[in-house]
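Q: Before I ask anything, let me first share the structure, which is written out below as structure tokens.
Below, the structure written as structure tokens:
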């Protein structure tokens, strides 16, 4: 038996799960974006040519930690990771897409790990950062099979750009041994071409979920 909503309509099973998942995704994207910006502003002489993780701590052997930027950035990663995990749980309950749900779980755990292990904690920070990038790109591409319409193309585009830039870093660094085509952006600029498509997708995908009034009308 279905419950009634305040306007008298009947709520179908799954509606609330999709709404919670969408809310969590949008909130996580907002926290990630605004948290990074806030940490950047409060970090002395910070340049976006620097790695994003420098906001939490630079790498050894002489790590540099600036407060309150470090606390803000690390907390941002922790909160973002938890919110993505919350979304993953409700996505799993509402949708018959186990591969996508698993990818979202790995993505959330990876983000959380970046907050637990700042840049000065090696090798764990690097491992979680790489896992965040790879799992994020793959999850975004998988989401193109979950959504419908033109948004599926955008999901493929966002995930494709993120993975393409990430893979190209390894190709130019380990195989070609030459400068990356985006080297003029600095390591931080290149990293942002990997990370920001993922953050934009989090916001867009959350909005997509919130826009679904009836789960039966979505193409899952």
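Numbering (this note's numbering), first residue to last: 77 to 296.
All C-beta atoms in this analysis are idealised placements derived from N, C-alpha and C, irrespective of residue type, glycine included.
1. Should residue 121 be labelled buried (16 or more other beta-carbon atoms within 10 Å of its own) or exposed?
2. On the premise that residue 234 lies in contact with residue 277, defined as a C-beta separation below 8 Å, what is that separation, rounded to the nearest angstrom?
3. Exposed or buried, residue 179, counting other C-beta atoms within 10 Å across all chains shown (16 or more means buried)?
4. Hey, would you say residue 147 sits closer than 8 Å to residue 107, going by beta carbons?
5. Taking 8 Å as the limit between beta carbons, can you name the residues of its chain near residue 237, skipping five residues before and five after?
6. Less than 8 Å between the CB atoms is what I'm expecting for residue 195 and residue 132, so what's the real figure, rounded?
7. Within 10 Å of its beta-carbon, does residue 117 have 16 or more other beta-carbons around it, so buried, or fewer, so exposed?
8. For residue 256, name the three-state secondary structure that DSSP assigns.
9. Considering just the uninterrupted stretch of the alpha helix (DSSP H) at residue 268, what are its terminal residues?
10. For residue 123, count neighbouring Cβ atoms within 10 angstroms of its own Cβ and tell me buried if that reaches 16, exposed if not.
11. Output the boundary residues of the alpha helix (DSSP H) element that contains residue 203.
12. Would residue 51 and residue 170 qualify as a contact pair, given that the criterion is a beta-carbon distance under 8 Å?
13. Straight-line CA distance for residue 80 to residue 249?
14. Exposed or buried, what is residue 213 when buried is set at 16 or more other beta-carbons lying within 10 Å of its beta-carbon?
15. Whose CA, out of 210, 96, 119 and 149, lies closest to the CA of residue 110?
16. Here's a check: name, in chain order, each residue in its chain whose Cβ is nearer than 8 Å to the Cβ of residue 262, leaving out the five neighbours to either side.
17. Roughly how far, in whole angstroms, is the beta-carbon of residue 186 from the beta-carbon of residue 207, given that I think they are within contact range, below 8 Å?
18. Are residue 97 and residue 166 touching if we call contact CB-CB under 8 Å?
A: In brief:
1. Counting from one through the chain shown, the residue named residue 121 turns up at place 45. Residue 121 comes out exposed.
2. As a first step, residue 277 must be located in the chain shown, where it is residue number 201. As a first step, residue 234 must be located in the chain shown, where it is residue number 158. Here residue 277 really is in contact with residue 234; their C-beta atoms are around 5 Å apart, less than 8 Å.
3. On the chain shown, residue 179 is found 103 positions in, with the first residue counted as 1. With 16 or more Cβ atoms within 10 Å of its Cβ, residue 179 is classed as buried.
4. Start at 1 with the first residue of the chain shown, and residue 147 comes out as number 71. Start at 1 with the first residue of the chain shown, and residue 107 comes out as number 31. In this structure, residue 107 does not lie closer than 8 Å to residue 147 by Cβ.
5. Residue mapping note: residue 237 aligns to position 161 of the chain shown, counting from 1. Answer for residue 237: 269 and 273, listed in chain order.
6. Sequence index remark: in the chain shown, residue 195 carries index 119 (1-based). Sequence index remark: in the chain shown, residue 132 carries index 56 (1-based). Between residue 132 and residue 195 the Cβ distance is about 6 Å, and since that is below 8 Å, they are a contact.
7. Taking the first residue of the chain shown as 1, we reach residue 117 at position 41. Its Cβ having fewer than 16 others within 10 Å, residue 117 is exposed.
8. For this step, residue 256 is matched to residue 180 along the chain shown. DSSP, reduced to helix, strand and coil, places residue 256 outside both helices and strands of the structure shown, so it counts as coil.
9. Locating residue 268 in the chain shown gives position 192, where the first residue counts as 1. Element bounds for residue 268: 262-286.
10. Residue numbering aside, residue 123 sits at position 47 when the chain shown is read from its first letter. The residue in question, residue 123, is exposed, as its Cβ has fewer than 16 Cβ neighbours within 10 Å.
11. Here residue 203 refers to the residue found at position 127 when the chain shown is read from its first residue. Here the alpha helix (DSSP H) through residue 203 covers 200-219.
12. Because the chain in this structure spans residues 77 to 296, residue 51 falls outside the shown range and cannot be described.
13. Position 4 of the chain shown, counted from the start, is the residue given in the question as residue 80. Position 173 of the chain shown, counted from the start, is the residue given in the question as residue 249. For residue 80, the predicted model reports a pLDDT of 38, less than 50, meaning its position is unreliable; a value from the coordinates is still stated below. Straight-line Cα distance between these residues: approximately 58 Å.
14. Counted from its first residue, the chain shown places residue 213 at position 137. So residue 213 ends up on the buried side.
15. Residue numbering aside, residue 110 sits at position 34 when the chain shown is read from its first letter. Closest by alpha carbon: 149.
16. The count along the chain shown starts at 1 and reaches residue 262 at position 186. If we look at residue 262 and ignore the five residues flanking it on each side, its Cβ neighbours are 123, 124, 125 and 126.
17. Taking the first residue of the chain shown as 1, we reach residue 186 at position 110. Taking the first residue of the chain shown as 1, we reach residue 207 at position 131. Correct: roughly 4 Å between the Cβ atoms.
18. On the chain shown, position 21 is the one that residue 97 refers to. On the chain shown, position 90 is the one that residue 166 refers to. Taking 8 Å as the Cβ cut-off, residue 97 and residue 166 qualify as a contacting pair.
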